[in-house]
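For the sequence shown, my numbering assigns the number 0 to the initial residue and increments by one for each residue that follows. For every residue, glycine included, the Cβ atom is placed at its ideal position computed from N, Cα and C.
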Amino acid sequence: MMPRRSTLALGVSLLNAALIPFMLLAAMGFLLSVSAHILSLLGIQIPGGNAVMGLHIGILAVWLPAVLVSRPVAKFGNRWGSLKILLGGCPRWMIYGVMALFIYAIVNFLVFMGNAPNQSHLDAGWPPSVVRGFSGHWMLFYAAAFSILYSRIHAPQLFAPRKCPAGHTSSPSARFCPECGFAFQERPRNT
Ligand SMILES: [Zn+2]
Numbered sequence: 000m001m002p003r004r005s006t007l008a009l010g011v012s013l014l015n016a017a018l019i020p021f022m023l024l025a026a027m028g029f030l031l032s033v034s035a036h037i038l039s040l041l042g043i044q045i046p047g048g049n050a051v052m053g054l055h056i057g058i059l060a061v062w063l064p065a066v067l068v069s070r071p072v073a074k075f076g077n078r079w080g081s082l083k084i085l086l087g088g089c090p091r092w093m094i095y096g097v098m099a100l101f102i103y104a105i106v107n108f109l110v111f112m113g114n115a116p117n118q119s120h121l122d123a124g125w126p127p128s129v130v131r132g133f134s135g136h137w138m139l140f141y142a143a144a145f146s147i148l149y150s151r152i153h154a155p156q157l158f159a160p161r162k163c164p165a166g167h168t169s170s171p172s173a174r175f176c177p178e179c180g181f182a183f184q185e186r187p188r189n190t
């Protein structure tokens, strides 16, 4: 029988092996979204007609694993607190990058709403203005999914709920057990 510690390590490496392809897919989706966004800003029609819609669907493929690894964290505390835990294993520049993309996506979408073309223009593929409107969000979603998966792969310890010696379960970010006040040791960050 394997000692518990290496069983745990094996579990982590198996999960990482499963998550890494999705992280790479998110990186690819992000780069394609950035390219689509730059082309749309330049007013260039993206070749391949509706193929650009693939980026819309690709988001689902990378969000599913991102949501699955987030679930044990999300059930504790509020949304912002959870986000802090979820991105805890990322380098600072990555967190600031996601925040910047969040603000940019909102501004970009408001600009898009201000001069959206009417439906009849959509028949001949996606005009640059529409691609511009959507790709702001694509960049954000791919970058956020990438960051959550990156964090989970590099700092899995940050995602595990904490347990005090009395057996109470609390949030991964808890510093004290809410039930008995036990003080947890700080968890090491990878950055
Ligand atoms: Zn406790």
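Range covered by the alpha helix (DSSP H) that runs through residue i
i    : result
M112 : 91-113
H194 : The question about residue 194 has no answer here: the residues shown for the chain are numbered 0 through 190.
K83  : 78-85
I58  : 53-73
Supposed contact pair residue j and residue i - C-beta distance, whole angstroms, cut 8 Å
i    : j    : result
N15  : I147 : Actually they do not touch by this definition, with Cβ atoms about 14 Å apart.
A104 : G135 : 4 Å
A144 : A25  : 4 Å
H88  : L157 : The question names His, yet the displayed sequence has Gly at residue 88. Contact holds; Cβ gap of about 6 Å.
P127 : G47  : The pair is not a contact, with the Cβ atoms about 14 Å apart (cut-off 8 Å).
Residue i classed as buried or exposed, judged by whether at least 16 other C-beta atoms fall within 10 angstroms
i    : result
W137 : buried
W92  : exposed
M208 : Because the chain in this structure spans residues 0 to 190, residue 208 falls outside the shown range and cannot be described.
A35  : buried
Three-state class that DSSP yields for residue i in the structure shown
i    : result
R161 : strand
A173 : coil
Indicate whether the contact test is met: 3 or more Cβ pairs, each with one atom in the segment 168-177 and one in the segment 46-56, closer than 8 Å. The segment 168-177 vs the segment 46-56: no contact.
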